[in-house]
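Visitor:
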Amino acid sequence: MVHGTPWRLRRGILLAFTILGAHQPLQAQSLFGGIDALLGGSPETAAQAPVTTGALQTNQQRTRFVIGLPKTTEFEVFSLSNPNRVVVQVTETKLRLPAQPKTAPVGLIKSFQAGLAGTDRSRVIIYVTEPVIVSSARIEKSQDGTAEHLVVEIASFVPVTASIAPPTKQKTVMSPPPFAWGGAGLQPPLPRPAVSPVVIARRSFKPVI
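Numbering that gives the first Met the number 0 applies: residue 0 is where the sequence shown begins, and numbers increase by one.
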């Protein structure tokens, strides 16, 4: 598509297109149709490609990001943090993307950017509101069967430790002492004073009559 064009011109055009796509919504149109028009190509040719519109479908804990493809192709999807985002790499340059979220996030998705990652592949970076995991990524047929959909399902990440109940403290119960069997409330006997052996001998002496 850009053969025969000077390298600096191609780089400047791609940079301008990336900045423009980051600030304006990407409607249901060919991702790189604008570059074709700038370099003398026809945007109508790209619009006639058998691809379908992307879409965003969401619930409270899960969001689907759907990319329209002209045919089945190879792809790679993974999530990253700092910032929280999902990266989609597709071996295809003609994509159909959903509209950008405008005033508020759509489900878990705040915004996304798309651009070329090589001569024959594209990269879509999806910025999310919180840590997420990619629960599934698959290619499905469109309803009319003329195109393909790359369906990426994003779910909230819940740490494993959050579902583990904290340990409960067990009270230690001491067994009562032996003398408390049936008489725990009785006073123990008082100690007797010591008696010398001489006194004991006198008490035990009995005269013989």
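Ideal Cβ placement from N, Cα and C applies to all residues, glycine included.
1. Leaving out five residues before and five after serine 134 in sequence, what residues of the same chain have Cβ atoms less than 8 angstroms from its Cβ?
2. By the three-class DSSP mapping on this structure, what secondary structure does valine 194 have?
3. In whole angstroms, give me the CA-to-CA distance for alanine 113 and proline 69.
4. Check this for me: beta carbons of tyrosine 126 and lysine 140, under 9 angstroms apart or not?
5. Could you compute how far the alpha carbon of lysine 93 sits from the alpha carbon of phenylalanine 156?
6. Counting C-beta neighbours from all protein chains within 10 Å, is the total for alanine 201 16 or more, i.e. buried, or is it exposed?
7. Please state whether DSSP places serine 141 in a helix, a strand or coil.
8. Taking only three categories from DSSP, how would you classify alanine 136?
9. Nearest by alpha-carbon distance to threonine 72: which of Asn81, Val87, Asn83, Gln99 is it?
10. Would you report the Cα separation of phenylalanine 111 and threonine 118, rounded to the nearest angstrom?
11. Quick check on this structure: which residue in Lys170, Glu129, Arg95 has the alpha carbon closest to the alpha carbon of proline 104?
12. Which partner residues does isoleucine 209 have in the DSSP bridge list?
13. Assign arginine 61 to one of three DSSP states: helix, strand, or coil.
14. Tell me, to the nearest whole angstrom, how far the beta carbon of serine 121 is from that of valine 89; I am working on the premise that it is less than 8 angstroms.
15. Excluding the 5 residues flanking isoleucine 124 on each side, which residues of the same chain have their C-beta closer than 7 angstroms to its C-beta?
16. Roughly how many angstroms lie between the CA atoms of leucine 107 and arginine 137, to the nearest whole one?
17. Distance check for proline 158 and threonine 167, CA to CA, integer angstroms please.
18. Helix, strand or coil: how does DSSP classify glycine 114 here?
19. Give me the residue from Glu91, Arg95, Lys101 with the minimum Cα distance to isoleucine 115.
20. Can you give me the C-alpha to C-alpha distance between glycine 67 and glutamine 142, rounded to a whole angstrom?
Guide: Looking at the atomic coordinates:
1. The beta carbon of serine 134 sits closer than 8 angstroms to the beta carbons of Arg61, Glu152, Ile153, Ala154 from its chain, once the five residues preceding and following it are set aside; these are given in chain order.
2. In this structure, valine 194 counts as coil in the three-state DSSP scheme.
3. Here the alpha carbon of alanine 113 sits roughly 17 angstroms from the alpha carbon of proline 69.
4. No; because the gap between Cβ atoms is not below 9 angstroms, this pair is not in contact.
5. Going by C-alpha positions, lysine 93 is about 31 angstroms away from phenylalanine 156.
6. For the record, residue 201 in the displayed sequence is arginine; it is not alanine. Its Cβ having fewer than 16 others within 10 Å, arginine 201 is exposed.
7. Reduced to three states, the DSSP call for serine 141 is coil.
8. DSSP places alanine 136 in strand when its eight states are reduced to three.
9. The shortest Cα separation from threonine 72 among Asn81, Val87, Asn83, Gln99 belongs to Val87.
10. So the two alpha carbons sit approximately 21 angstroms from each other.
11. In terms of CA proximity to proline 104, Glu129 leads the group Lys170, Glu129, Arg95.
12. Missing from the structure shown is residue 209; the chain here goes from 0 to 208 and no further.
13. Looking at arginine 61 - three-state DSSP - the assignment turns out to be strand.
14. Approximately 5 angstroms separates the beta-carbon atoms of serine 121 and valine 89; this is inside 8 angstroms, confirming the contact.
15. Around isoleucine 124: Arg84, Val86, Phe111, Gln112.
16. A direct Cα-to-Cα measurement between leucine 107 and arginine 137 gives close to 19 angstroms.
17. Between threonine 167 and proline 158, the alpha-carbon positions lie close to 21 angstroms from each other.
18. DSSP places glycine 114 in the strand class (E or B) of the three-state scheme.
19. Per the sequence presented here, residue 115 reads as leucine, with isoleucine not at that position. Nearest to leucine 115 by alpha-carbon distance, out of Glu91, Arg95, Lys101, is Glu91.
20. One C-alpha to the other measures close to 12 angstroms.
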